[in-house]
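Colleague:
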Amino acid sequence: MPVALQNLMEQIDSRVLRERVLIFFTVLAVIFLFWQLLLQSRIDQTTKVLEAEQAQLTTEQQTLDSKIATLTLQMASDPAIAKRKNINDLQASVAQVETQLAGLSQGLISAELLPNVLQDVLARTTSVQLLQVRTFPASELQLGSPLPNPNTSANSASDTSASGTGVYKHSVLIRVSGTYAELVKLLQDIESLQWKFYWESLNYTVKKYPNAEIDIQVFTLSSEEGLLGV
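The sequence shown: position 82 = 82 (full-length UniProt numbering), numbered continuously.
(1) In terms of residues, what are the limits of the alpha helix (DSSP H) holding Q119?
(2) Identify whether Y209 lies in helix, strand or coil by the three-state DSSP scheme.
(3) Ends of the beta strand (DSSP E) at L173?
(4) In terms of DSSP beta bridges, what is I216 paired with?
(5) To which residues of the same chain is A212 closer than 8 angstroms at the C-beta, ignoring the five residues directly before and after it?
(6) Taking the alpha-carbon positions, what's the S14 to R20 distance?
(7) Can you look up P50 in the DSSP assignment and give me helix, strand or coil?
(8) Span of the alpha helix (DSSP H) holding V30?
(9) Is T126 buried or exposed, if buried means 16 or more other CB atoms sit within 10 Å of its CB?
Given below as structure tokens:
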């Protein structure tokens, strides 16, 4: 302990109790004064600045909320703004549909090749008899129908959707005859083709056991309205 501090403590201890209590409270008062001057005043000043900034931000927020409310009322009563919003929404919907259509047609077999490919499969399946090949007129896709998935099962096909996009559906129907096992083998051969297309319908009818007839209708998509090859 420093000598000066030790001497000071000895002097305080030599005082009577009343004087020592008075010295103690005096020291506390001095410490409190220094605290107020050096630290608490800075804390109070910082707090006041923060409170002022908070009040200013609150005022600005209230002003912005008022402007937003006013603009919202104006937009609700302005038909031009409402129409512009509808146009923007429609344009976004059209862009989404066009993106879906681009994905649908990617990698699909061309409309000209589809009938020939099916007939090639039938030519290799000599146990099955070809009764009919029919092509349908191209039809433009319409808005509102669900979009299909390529090479799904024969009973789950559906039309695509997008009115006025210039995308056309080309359908082919083949009717064949054979036993159940032969017809199943034919369907497997068609499904294993390297080209992509959509299944539209599959109708199986037993004519005279064990022979049956099956109508297989498939389609592809194209940006051209031309006729299918035969």
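Glycine included, every Cβ here is placed at the ideal spot set by N, Cα and C.
Modeller: Quick look at the numbers:
(1) L114 to R124
(2) coil
(3) Y168 to T179
(4) I174 and L202
(5) S177, G178, T179, Y180, L183, Y204, T205 and V206
(6) 9 angstroms
(7) Residue identity check: residue 50 is Leu in the sequence provided, not Pro. It is helical.
(8) L17 to F34
(9) exposed
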